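Note sheet for the following structure.
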Amino acid sequence: MNPDQKKKAKKGMKRDLIILLLLLITTLALIIIFPEKEKGVSDASWDFLIEMMLILPAIMVILGLFAVWVPKELIGKYLGHASGIKGIILALILGALPTGPLYIAFPMAAALLAKGAKRSNIIIFLSAWACIKIPQEMVELRFLGLEFMLLRLALTITFVVIMGITIEKIIKWSDKKASRSS
Amino acid sequence: MNVTAIFINLIAIVGLLIAFYKNREKAMMSLKVAVKGFIKMLPMVLIIILGIGLLLGLVSPGTISRFAGEQSGFWGVLIVGLLGAVLFIPALLSFPLAASLLDGGASISVVAAFITTLTMIGTVTLPLEIRELGKKMALLRSGMSFLIAIIIAFIMGAIL
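So the sequences go chain by chain: D and R. Going by the working numbering, the first residue of the first sequence is number 1336, and it counts up by one from there. Going by the working numbering, the first residue of the second sequence is number 82, and it counts up by one from there.
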């Protein structure tokens, strides 16, 4: 993490703490105004807190293991030249590896594009990174069930691939148009 | 503790054991990353937990299902989808929130739209995305992601 990112993370945490404090005050005020609702609020919060604490530390450990053991260079190495079905599958798998938040994926994607990686694969890679990360799917499985998680996963993969190919076509078409008119 | 929670913890423990066996130093580094990530996420976790408590404890299921239930139809999905695109909540925490919405009477379509837009589209990170990938690609990706989130939501609602 560079100093700039560190500063950003600290700022983000401060913001979160302020929101938390405000929310805590609001909650207390609401409970004082509607004392009969207290049990409902605390029961629901408590249930979800337990659920989260049973899995969140483990999820963080899994994220930590991947962060240290899977080097980011690996992604560039495999995604830089892959094309066709193989490229699509690699983009999905590499995107799904738990390797950090989306904002670190953008510069990576930009670097890969500059090196000549296929645009469709980069879009698929970014989308997989955003919404089908492995630890994320574990949490989805826990809270929303197997049926929901698998169906959403299958649909997401299908549509993300269609989207990647479509965006590539649109950009090629508009680039061609631009170069012809100039 | 349910099966999924046990399964997740088992993976973490086995992974950690293998890591320590292979390379002690790297394993310690992983643990450090994990603890740091956990602490960094904790305030947001508590915000979501409190939010869920308020949502389920104060808002009547009738209200949630009117705005986000089956009868909210297309507009319910669209509005909650937009909300998901604008909000900045870590993806990991979108699932308990989504589950609480379901508990409160929201429809499958609405919840699916919420999760998909929340994870795929970042209004907060859009400036960075534009800077790195260019306006055309960033806007196309975000716009089409919204569209497919809505399509996925309706297909899921129809099947489940």
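Glycine included, C-beta positions come from ideal geometry on N, C-alpha and C. The structure displayed is predicted, hence computed values, not measured ones.
The alpha carbon of Ala194(R) has as its nearest neighbour, out of Ser146(R), Gly157(R), Gly138(R), Leu174(R), the alpha carbon of Gly157(R). Annotation for Asn1456(D): the continuous alpha helix (DSSP H) segment containing it runs 1454-1466. Taken through DSSP and simplified to helix, strand or coil, Lys1450(D) comes out as coil. About 14 Å separates the beta carbons of Gly150(R) and Ala179(R), which is beyond the 8 Å limit, so they are not a contact pair.
In terms of Cα proximity to Leu1485(D), the closest of Ala1444(D), Asp1382(D), Gly1435(D), Ile1469(D) is Ile1469(D).
Linking Met1473(D) to Pro1370(D) through their CA atoms gives a straight-line distance of about 37 Å. Pairwise C-beta distances place the region 131-139 of chain R in contact with the region 1372-1379 of chain D, as three or more of them are shorter than 8 Å. Scanning chain R for C-beta atoms nearer than 8 Å to the C-beta of Trp1404(D) yields Ala100, Lys107, Ser111, reported in chain order. Contact check for Val1396(D) against Ala115(R) passes: the beta carbons are separated by less than 8 Å. At the C-beta level, Thr1434(D) and Phe1401(D) come within 8 Å of one another.
For Leu1486(D), the enclosing alpha helix (DSSP H) starts and ends at 1469-1516. Neighbours of Glu1482(D) in chain R, taken as residues at a C-beta separation under 8 Å, are given in chain order as Leu241. In the same chain as Glu213(R), and ignoring 5 residues on each side of it, no C-beta atom comes closer than 7 Å to its own. Interface flag for Pro1433(D) against chain R is unset, since no Cβ pair is found closer than 8 Å. Chain R places a beta carbon closer than 8 Å to that of Glu1386(D), counting this residue as a contact. In the DSSP assignment, Ile120(R) falls within the unbroken alpha helix (DSSP H) covering 105-139. By the Cβ rule, the region 167-174 of chain R does not count as touching the region 1442-1456 of chain D, because fewer than three pairs are nearer than 8 Å.
For a Cβ distance threshold of 8 Å, residue set Phe1478, Leu1479 of chain D lies close to Ala179(R), ordered along the chain. Under the Cβ criterion of 8 Å, Tyr1413(D) is not counted among the residues facing chain R. With contacts defined as CB atoms closer than 8 Å, Met237(R) and Arg1454(D) fail to qualify as a contacting pair. In the same chain as Ala100(R), and ignoring 5 residues on each side of it, the C-beta atoms closer than 8 Å to its own belong to Lys107, Ala108, Ser111, in chain order. From the listed residues Gln152(R), Val167(R), Pro124(R), the smallest Cα separation to Gly1347(D) is found for Pro124(R). Relative to the Cα of Leu131(R), the nearest Cα in the group Leu1356(D), Arg1477(D), Pro1392(D) belongs to Leu1356(D). Under a criterion of Cβ atoms nearer than 7 Å, the residues of chain R adjacent to Phe1383(D) are, in order, Ile130, Ile133, Pro177, Ser181. Setting aside the 5 residues that flank it on each side, Ile1502(D) is surrounded in the same chain by Arg1454, Ser1455, Ile1458, each with a C-beta closer than 8 Å to its C-beta; the list follows chain order. The C-beta of Trp1508(D) has fewer than 16 other C-beta atoms within 10 Å across all chains shown, which makes the residue exposed. Lys217(R): member of the alpha helix (DSSP H) spanning 216-240, first to last residue.
Close to Glu151(R), with beta-carbon spacing below 9 Å, lies no residue of chain D; the smallest spacing is near 16 Å. Among the residues of chain D, those whose CB is under 8 Å from the CB of Lys217(R) are Ile1506, Ser1509, following chain order.
Rounded to whole angstroms, the separation of the alpha carbons of Phe1383(D) and Gly1451(D) is 46 Å. Phe169(R) sits in coil when the DSSP states are folded into three classes, being neither helix nor strand.
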